[in-house]
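These notes concern the structure reproduced below.
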Amino acid sequence: MSTLNVRCALHTNTRYLPLTVTRIRSWSALQIIMAQVPLVSTDPIEVLTNKYLIEEPCVNKYWGPGLGAGFMFALACGSNWFIRRPMLSGIQKHVVFTILGGFLGKYIDSNRSEYLAERDAVLRHYIELHRDDFPDFERKKYSEVFEPWVPIR
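Take 0 as the starting number for the sequence shown in numbering that gives the first Met the number 0 and just add one per residue.
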């Protein structure tokens, strides 16, 4: 019987389960592993709850500061171009603008994260207070959603 080397991380809207390289002897064993994880949340509260189970991607950590630094560097180059100087002259201005842009991007990103966390907390609290208005989700199959297809020629 052949073995399968599986390296995966199951990302769902409710769980993050890193699985290291494991040897699985059959597809049924893999299906058993995947069946143990709830792939779709059925509770409205659980959709808004992260509990730090989902890791933030590496790109998201550096996107705000990188974008701010790049914008401010381009602003420094543009200001030199506008006054008809070589674009990279006065490199100290470029360095200062780039550093300030990185800090500004980090500040804006952290404020956005705080705002979104507060918004989610308010929504969670509202759902907890009005539990009757938010029933559990019903999982539907595609066959229940789509209408039967009849070809017309």
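Even for Gly, the Cβ is constructed at its ideal location relative to N, Cα and C.
Owing to the predicted nature of the structure, the values given are computational and were not obtained by experimental measurement.
The alpha helix (DSSP H) enclosing residue i, as first and last residue numbers
i: M71; result: C57 to F81
i: T90; result: Residue identity differs from the one stated: residue 90 is Ile in this sequence, not Thr. It spans I90 to L128 - the alpha helix (DSSP H) in which I90 sits, taken as one unbroken run.
i: P134; result: Counting along the chain, P134 falls outside any alpha helix (DSSP H), and DSSP gives it neither H nor E.
i: I44; result: P43 to L47
i: E143; result: Y141 to V144
Alpha carbon of residue i to alpha carbon of residue j, nearest angstrom
i: K60; j: V121; result: 25 Å
i: A42; j: A75; result: Rather than Ala, the amino acid found at residue 42 in this sequence is Asp. Rounded to the nearest angstrom, the two C-alpha atoms are 50 Å apart.
i: D132; j: I44; result: 12 Å
i: W148; j: R138; result: 22 Å
i: N212; j: P85; result: No information on residue 212 is available, as it lies outside the stretch 0 to 152 that the chain covers here.
i: E113; j: V94; result: 29 Å
Beta carbon of residue i nearer than 8 Å to that of residue j
i: G104; j: G77; result: no
i: F96; j: F81; result: no
i: E123; j: L47; result: Sequence check: residue 123 is Arg here, not Glu. Closer than 8 Å, so yes.
Where residue i sits in the DSSP three-state scheme
i: E54; result: coil
i: P150; result: coil
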